[in-house]
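Structure, as C-alpha cells:
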Amino acid sequence: MLVPVAAVAGCAGAVYSPPGKTTTVILLRHAERTPLTAELTDRGRARAAALPAALAGLRIDAIYSPNLKRNLDTAAPLARARNLKVRTIDETAIVARLVGENPGGTVVWVGNSDNLEKIYEDLRGDGLPPVGYGDLYILKVPDKGLTTVTRMRYGD
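All the letters of the sequence shown, read from the start, carry residue numbers 118 to 273 under my numbering.
Below you can see the structure in the form of C-alpha cells.
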C-alpha cells in the first residue's frame, strides 16, 4: 500500500520533458540486501513482492535498472505483473534515457543510493532523494516549469 508522505515542488534545473509532454519518473532503491552477497534478504524479497500492488493504480510503460542482481530482483515482481522486460542500462546517461525514450510516459527506475541522488538532482527534485528502503518517489517532469514530487512508502 502506498502511504503519501509529502508532495513538494522541485527546483529549477536543466532536465525537462519534450515540448507538450509530462513524463512521470518513479524512483526507488532496491530492496534490503545482505551485506556480504548483495542478495535480497527475506525482508527485501517481501518488499519487492509488494511493489506491484503499490503501483497498481499507475500505468507503467518501462522499467529500468542497473545490471545488478539486487536491483533486478527488486524489479522482477513488477515486471512479471506488468508483462514488461526490465531494461538494464549503463548509469552514465540514465536521465536522458528515462525521459527521452518515454516522452509523456511513466517509467520506473530501481536504483542504488548513489545513482538515485544524481538522478533526483538532474530531474530537479526538491529535498532528500529516495535512498531509504521502501522510499518510492513519483516525479512529474514537465516540458517547462517545476518538477513535482510525491513521496510515498511501500512494503512496510
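Ideal placement from N, C-alpha and C gives every residue a C-beta, glycine not left out.
Looking at the DSSP output, residue 212 sits in no beta bridge, so it has no partner there.
Take residue 229, set aside five residues on each side of it, and the residues of its chain with a beta-carbon closer than 8 Å to its own are 146, 147, 183, 185, 188, in chain order. In terms of Cβ geometry, residue 254 and residue 267 form a close pair [threshold 9 Å]. Put simply, of 226, 273, 157, 155 the residue whose alpha carbon is nearest the alpha carbon of residue 178 is 226. In this structure, residue 270 sits near residue 252, with a CB-CB distance shorter than 9 Å. Per DSSP, the continuous alpha helix (DSSP H) segment holding residue 237 begins and ends at 230-239. In the DSSP assignment, residue 192 falls within the alpha helix (DSSP H) that extends over 186-199. For residue 252, the three-state secondary structure derived from DSSP is strand.
Shown here for residue 193: same chain residues with a beta carbon closer than 8 Å to its own, the five before and five after excluded, namely 165, 203 in chain order.
Just measuring C-alpha positions, the residue of 150, 265, 261, 143 sitting nearest residue 135 is 261. Proximity to residue 208 across 168, 234, 160, 167 peaks at 234, based on C-alpha coordinates. Judged by beta-carbon spacing, residue 195 lies beyond the 9 Å limit of residue 215, meaning their Cβ atoms are not closer than that value.
Considering only 223, 180, 191, 248, the residue with the shortest C-alpha distance to residue 231 is 248.
Counting the other CB atoms within 10 Å of its CB gives residue 176 a total below 16, which places it among the exposed residues. The three-state secondary structure of residue 175, taken from DSSP, is coil. Burial check for residue 152: the Cβ neighbour count within 10 Å stays below 16, so the residue is exposed.
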